[in-house]
Amino acid sequence: MPGNKLAPTGRIVIENCAIATVDAHDTEYASGHVVVAGNRLESVGAGAAPTGLAHVARRIDGTGHLVTPGLVNTHHHFYQWITRGLAQECDLFDWLVTLYPTWARIDDEMCYAAAQGSAAALLRSGCTTTADHAYVFPKDGGDILGAEIRALDELGMRFQPTRGSMDLGESRGGLPPDACVEDTDTALAATSEAIDRWHDASFDAMLRITAAPCSPFSVTPELLRGAADLARAKGVRLHTHGSETVEEDAFCRERFGMGPTDYLESLGWLGEDVWMAHCVHLNDSDIARFAATGTGVAHCPSSNARLAAGIARVPDMLRAGVPVGLGVDGTASNESGELGTELRNALLIARLRGGPKAMTARRSLRLGTMGGAQVLGRDREIGSLEPGKLADLAMWRVDDVLHSGIADPIAALVLGAPSPLTLLLVNGREVVEQGHLSRIDENLIARNVATAATRLRARTT
Ligand SMILES: [Zn+2]
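Start counting at 1 in the sequence shown, then tack on 1161, and there's your number in this note's numbering.
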């Protein structure tokens, strides 16, 4: 995606705004400035911007706003955007078994529309970088990953898609129907091809690929081991689901004679190049091993609540030193798909389990920014507002009718109603202005999604 990676010319200057840098010292400014030069942050500090700046393309009065790093989403399944509102009262396994037959009929055109819808919800809620876990690849489904990549390129979003996979169908003791799975060699070859075709390891990459077999109950040990070997040979990260529900725990104990963390560890799946979604049912020993190995966690509070999976022990993980980011998860289990609201939900759910001090508003903002950047292996480039880093930032209005008068702008953002997003920059470029997408007509996306959902329904009835 050369167009988005190319640094824009000129500077953008934002002044008179509150700033939460989310740097190592949690530096904040009650009234400060941010200067963007090209695709990098040039200056972040108190008071007005330095004088005498040349080539200022845009100067913005940030009065009444809070500027934060762009949010980072660490877990999603874009294709689910066109299967929302179904299986509303199910736990994970019943929900999956209900939806697999529909998902087995998706194609690249549907996934293009679903990626547009998913990215629109993320961008409009302050998210500048997202992962996606695509793991359903029907034989006649076309170029699903390519379609997603095209959609996010057009919207200007930084993207870390995974080439996921499933090879353990129902006939061999897995959960998904056989029509949903690939054979092991096909999945590994497609993963290798995706890495060669798209992965960009450079500092300002807009696109990085990850290898991501789906979950212990839908893939074979051979695929997990093969994906780990492949990813390490090619220098990309690894992602999967882990310890999401008690049923998954029971499945692993029955089939493999051990819990999910022990099982995944036995296949080389703990390490600083690995992150797992959910991790709701980690015991003390699991948390210690995640911390010792630097294995990351994508915490998905809304999805865990929607499927009644349980409450992840995030404060315990953070105390132990586990990298933790936030994820919306697929929108068939979190219909809103907004990352901004996960800041609030992460705080509320942590407090339900651990009391009023279990999660602060600032800690939650850190999970959604720097924590996500760490989990995706991009903390040198994004996740905080510091000179030299990439210019991914969100400018939230906190003096509107719903937020005016809240004592603390970070409390306004995390605890209050979703804040209107005045500006979102990705790689120094405007992608959201005044709450709406800058690059593509949102009504066109809505129509594409409706058409795709109708086409999918027609295939399943
Ligand atoms: Zn998931």
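Each residue gets a CB set at the ideal place from its N, CA and C atoms; glycine is no exception.
Inter-residue distance for Asp1328 and Val1587 is about 36 angstroms (C-alpha atoms, whole angstroms). In this chain, the beta strand (DSSP E) harbouring Met1437 covers Val1435 to His1439. Within the stretch 1545–1597, the runs of beta strand (DSSP E) that reach at least 3 residues and sit entirely inside it are, in chain order, 1554–1558, 1582–1587 and 1590–1594. Ala1469 has its Cβ no nearer than 8 angstroms to any heavy atom of ligand 1.
Inter-segment contact for the stretch 1203–1211 and the stretch 1539–1554 is present: three or more beta-carbon pairs are separated by less than 8 angstroms.
In this structure Leu1431 does not touch Ala1355 by the C-beta definition: roughly 24 angstroms separates them, more than the 8 angstroms allowed.
DSSP places Val1258 inside the alpha helix (DSSP H), whose first and last residues are Leu1253 to Trp1264. With contact defined as three or more Cβ pairs closer than 8 angstroms, the stretch 1266–1286 and the stretch 1300–1316 are in contact.
Around the beta-carbon of Glu1603, fewer than 16 other beta-carbon atoms lie within 10 Å, marking it exposed.
In the same chain as Ala1466, and ignoring 5 residues on each side of it, the C-beta atoms closer than 8 angstroms to its own belong to Asn1506 and Ile1510, in chain order. Distance between Asn1495 and Trp1242, taken at the CA atoms: about 10 angstroms. Within the chosen limit of 8 angstroms, ligand 1 does not reach the beta carbon of Ala1534 with any heavy atom. Under the three-state reduction of DSSP, Pro1476 is assigned to helix. With fewer than 16 other CB atoms across the displayed protein chains lying within 10 angstroms of its CB, Ser1565 is exposed.
Counting only the Cα atoms, Gly1533 lies some 12 angstroms from Glu1542. At least 9 angstroms separates the beta-carbon of Pro1476 from that of Gly1457. For Phe1378, the three-state secondary structure derived from DSSP is coil. Leaving aside the five residues that flank Leu1528 on each side, the residues in its chain whose CB is nearer than 8 angstroms to its CB run, in chain order, His1460, Val1475, Val1485, Gly1486, Leu1487, Leu1504 and Ala1507. Closest by C-alpha distance to Thr1289, out of Gly1278, Gly1231, Ala1276 and Met1556, is Gly1231. Every unbroken stretch of the alpha helix (DSSP H) spanning 4 or more residues and falling wholly within the stretch 1466–1542 is given here in chain order: 1475–1481, 1501–1515, 1522–1527 and 1533–1536.
When rounded, the separation of the alpha-carbon atoms in Arg1450 and Glu1433 is 11 angstroms.
Within the same chain, Gly1223, His1226 and Val1228 come within 6 angstroms of Cys1178 by CB-CB distance, once the 5 residues on both sides are set aside. Membership of Leu1227 in the beta strand (DSSP E) is indicated by the continuous run His1226 to Pro1230.
For Ser1580, the shortest C-beta to heavy atom distance toward ligand 1 is 8 angstroms or greater.
Looking at the DSSP output, Pro1322 bridges to Asp1293.
As a beta-bridge residue in DSSP terms, Cys1288 pairs with Leu1232. For the 9 angstroms CB-CB criterion, Gly1491 and His1237 form a contact. As summarised for the stretch 1393–1453, the continuous alpha helix (DSSP H) elements at least 4 residues long and confined to that stretch are 1407–1417 and 1421–1427, given in chain order.
At the C-beta level, Arg1512 and Ala1519 come within 9 angstroms of one another. The C-beta distance from Ala1555 to Leu1582 rounds to 6 angstroms, short enough to meet the 8 angstroms contact threshold.
At least one heavy atom of ligand 1 falls within 8 angstroms of the beta-carbon of Cys1461. Residue range Gly1457 to His1460 is occupied by the beta strand (DSSP E) that includes Gly1457. In this structure, the C-beta of Ser1464 approaches ligand 1 to less than 8 angstroms from one of its heavy atoms.
Between Ser1463 and Ser1497, the CB-CB gap stays under 9 angstroms.
Ranked by Cα distance from Leu1260, the options Ala1274, Glu1250, Ala1275 and Thr1244 are led by Thr1244. Distances taken from the Cβ of Gly1287 to the heavy atoms of ligand 1 include none shorter than 8 angstroms.
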